[in-house]
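Enquirer: If you scroll down you'll find the structure; I have some questions about it.
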């Protein structure tokens, strides 16, 4: 079998660090052999993540991609550190309506899900929704009442999945829950007002992200749990794909 080029995608630095730790473990245990694995930053948000991945693909195309990181729970049974493997990803507009939906399962690695026993609680989620802003409790309640099959939300997965499908690149997608459905965040209006007091007129999307500095303080215990699980699951992914080749 030929040596593989694998990319592992993450939106922000804390996710990247967890994935990098998993990669170091894989290298130390000699799972990687002559295969090349890279951690790529997509940035935050629907538009940014699409632009960054398309830019990477202009220079080189990998043999496989891992889309991973954290997500917010919509389903009430999901706790911090739980892992979701979606069958589909959808794009949700500002009125909580689904604009587009993509089938993940038929493009994703089929065997990986069966080997995730040590990744805490693992769920096959019908749908993972990609949204354009931070979803608070009332937003999640509304989304859940409209679409009971949506288990979690993030801000990048739909864009990344769409690009990879169009480029016919195999991928695996899973997310680790960082915030339960009922966790409270500072409102976007509060963050906007805070920056405008300092004379800043344009509020960038990453400042409103669920794990921006203003919100991270509130969810840090849950975030630490999710990052620990993320590292373990990435180790399982690398082992599943490459351990047999490394001998």
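Numbering (our numbering), first residue to last: 14 to 260.
Cβ coordinates follow ideal geometry from the N, Cα and C atoms, glycine included.
Since we're looking at a predicted model, the values are computed, not measured.
Tell me the DSSP secondary structure of residue 253 in three-state form.
Expert: helix
Enquirer: Per DSSP, which residues does residue 99 bridge with? Please list them.
Expert: 138
Enquirer: Between which two residues does the beta strand (DSSP E) containing residue 49 stretch?
Expert: In the DSSP assignment, residue 49 falls within the unbroken beta strand (DSSP E) covering 49 to 54.
Enquirer: If you draw a straight line from the alpha carbon of residue 45 to that of residue 159, how long is it in whole angstroms?
Expert: 44 Å
Enquirer: Output the boundary residues of the alpha helix (DSSP H) element that contains residue 174.
Expert: 170 to 179
Enquirer: Can you give the Cα-Cα distance for residue 135 and residue 115, rounded to whole angstroms?
Expert: 21 Å
Enquirer: For residue 253, which of 181, 39, 23 has the nearest alpha-carbon?
Expert: 39
Enquirer: For residue 31, which of helix, strand or coil comes out of DSSP?
Expert: helix
Enquirer: Determine the direct distance from the alpha carbon of residue 72 to that of residue 84, and round the result to whole angstroms.
Expert: 29 Å
Enquirer: Just the Cα atoms here: how many angstroms apart are residue 186 and residue 166?
Expert: 13 Å
Enquirer: Hey, how far is the Cα of residue 169 from the Cα of residue 60?
Expert: 8 Å
Enquirer: Compute the distance between the beta-carbons of residue 63 and residue 175, then report whether it is under 9 Å.
Expert: yes
Enquirer: Under 9 Å between the Cβ atoms of residue 82 and residue 243?
Expert: yes
Enquirer: What is the residue span of the alpha helix (DSSP H) that residue 69 lies within?
Expert: Looking at the DSSP string, the run of the alpha helix (DSSP H) that includes residue 69 is 59 to 72.
Enquirer: To test your reading of the DSSP string, which unbroken alpha helix (DSSP H) runs of 4 or more residues are found completely within the stretch 138 to 168?
Expert: 150 to 159
Enquirer: When the Cα atoms are used, what is the spatial distance from residue 122 to residue 249?
Expert: Here the model assigns residue 122 a pLDDT of 49, short of 50, so the residue's position is not dependable and the matter cannot be decided.
Enquirer: What does DSSP give as the partner residues of residue 113 in its beta bridges?
Expert: 104
Enquirer: Among 236, 180, 98, which one has its Cα closest to the Cα of residue 142?
Expert: 98
Enquirer: Mark residue 188 as exposed unless 16 or more other C-beta atoms lie within 10 angstroms of its C-beta, in which case mark it buried.
Expert: buried
Enquirer: Straight-line CA distance for residue 17 to residue 48?
Expert: 5 Å
Enquirer: Using three-state DSSP, classify residue 242 as helix, strand or coil.
Expert: Three-state DSSP puts residue 242 in a helix.
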